[in-house]
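The next block holds one structure in the form of structure tokens; read it before the comments.
Shown next as structure tokens:
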């Protein structure tokens, strides 16, 4: 099976983003999902092996300071409308070190939190949605990573494990 590693924004940002996602989902008949920043996806391995690797890897990492940037859109389903997360050295290094530790090669990493999934919207509709969303450049700290299945349906995205950053795993 394949898995993804997510960073979940804390309160009150979580609730603010979840409300936008839910509102856009209802307005546009699109899936609702939990707000998250994907750190790495499509990791094909045994879940227990991944949990053990992540426990060891993330025990050496500090909680990550992040901040929201502008709302934007793209041509892809999973990035129909999203808010960029400002890239910083800690986040980008974490992504690179993770890829190396897990032996993965992945495309360019563009930190973001999706707000709407859809591939049937026109680009004009996506742009209109972007202009309707008002988000401030909130800063927040994430102290744990969540493992979820890498499957297409957001209804199947359940937390399989949570790993704290900077915390030694129990032996």
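In the working numbering, the protein residues as written are -17 to 153.
Note that beta-carbon positions come from the ideal geometry of N, C-alpha and C, so glycine has one too.
None of these values were measured; they are calculated from a predicted model.
**Asked** Excluding the five sequence neighbours on either side, which residues of its own chain have a C-beta within less than 7 Å of the C-beta of residue 43, listed in chain order?
**Response** If we look at residue 43 and ignore the five residues flanking it on each side, its Cβ neighbours are 76, 147 and 148.
**Prompt:** With a Cβ-Cβ cutoff of 8 Å, do residue 63 and residue 112 count as a contact?
**Reply:** It is a contact, given that the beta carbons lie within the stated cut-off.
**Asked** In the DSSP assignment, what are the bridge partners of residue 131?
**Response** Per DSSP, -15.
**Continuous beta strand (DSSP E) stretch holding residue 143: start and end** = For residue 143, the enclosing beta strand (DSSP E) stretches over residues 143 to 146.
**Prompt:** Rounded to a whole number of angstroms, what is the C-alpha to C-alpha distance between residue 82 and residue -4?
**Reply:** Looking at the two C-alpha atoms, the distance is approximately 30 Å.
**Asked** Relative to the C-alpha of residue 21, which residue among 28, 69, 98 and 140 is closest?
**Response** The residue with the shortest Cα to Cα distance from residue 21 is 69.
**Message:** Which complete beta strand (DSSP E) runs does the stretch 33 to 63 hold, if anything under 3 residues is left out?
**Reply:** For the stretch 33 to 63, whole beta strand (DSSP E) runs of length 3 or above, ordered along the chain, are 46 to 55.
**Request:** Please go through the same chain and pick out, in chain order, the residues whose beta-carbon is closer than 6 Å to the beta-carbon of residue -14, but skip the five residues on each side of it.
**Result:** So the list reads 20, 23, 130 and 132, once near-sequence residues are dropped.
**Prompt:** Alpha carbon to alpha carbon, what distance is there between residue 87 and residue 99?
**Reply:** Take the alpha-carbon of residue 99 and the one of residue 87: they are about 25 Å apart.
**Prompt:** Nearest-angstrom Cα distance between residue 0 and residue 85?
**Reply:** If I take the Cα positions, the gap works out to 33 Å.
**Prompt:** Taking C-alpha atoms, which residue in 114, 125, 59 and 53 lies nearest to residue 72?
**Reply:** The option with the nearest alpha carbon to residue 72 is 125.
**Request:** Confirm, please, whether the CB-CB distance from residue -16 to residue 26 is below 8 Å.
**Result:** Cβ distance < 8 Å, so residue 26 and residue -16 count as in contact.
**Prompt:** Measuring CA to CA, which of 33, 61 and 115 is closest to residue 161?
**Reply:** Here the chain covers residues -17 to 153 and nothing more, so residue 161 does not appear.
**Item:** Check whether residue 48 and residue 119 have beta carbons under 8 Å apart
**Value:** No, they are not a contact pair.
**Asked** Start and end of the alpha helix (DSSP H) containing residue 8?
**Response** Here the alpha helix (DSSP H) through residue 8 covers -5 to 10.
**Prompt:** Taking the C-alpha atoms as reference points, what is the distance between residue 5 and residue 109?
**Reply:** For residue 5 and residue 109, the distance between alpha carbons rounds to 16 Å.
**Request:** Can you have a look at residue -9 and say buried or exposed, based on whether 16 or more other CB atoms are within 10 angstroms of its CB?
**Result:** Burial call: buried.
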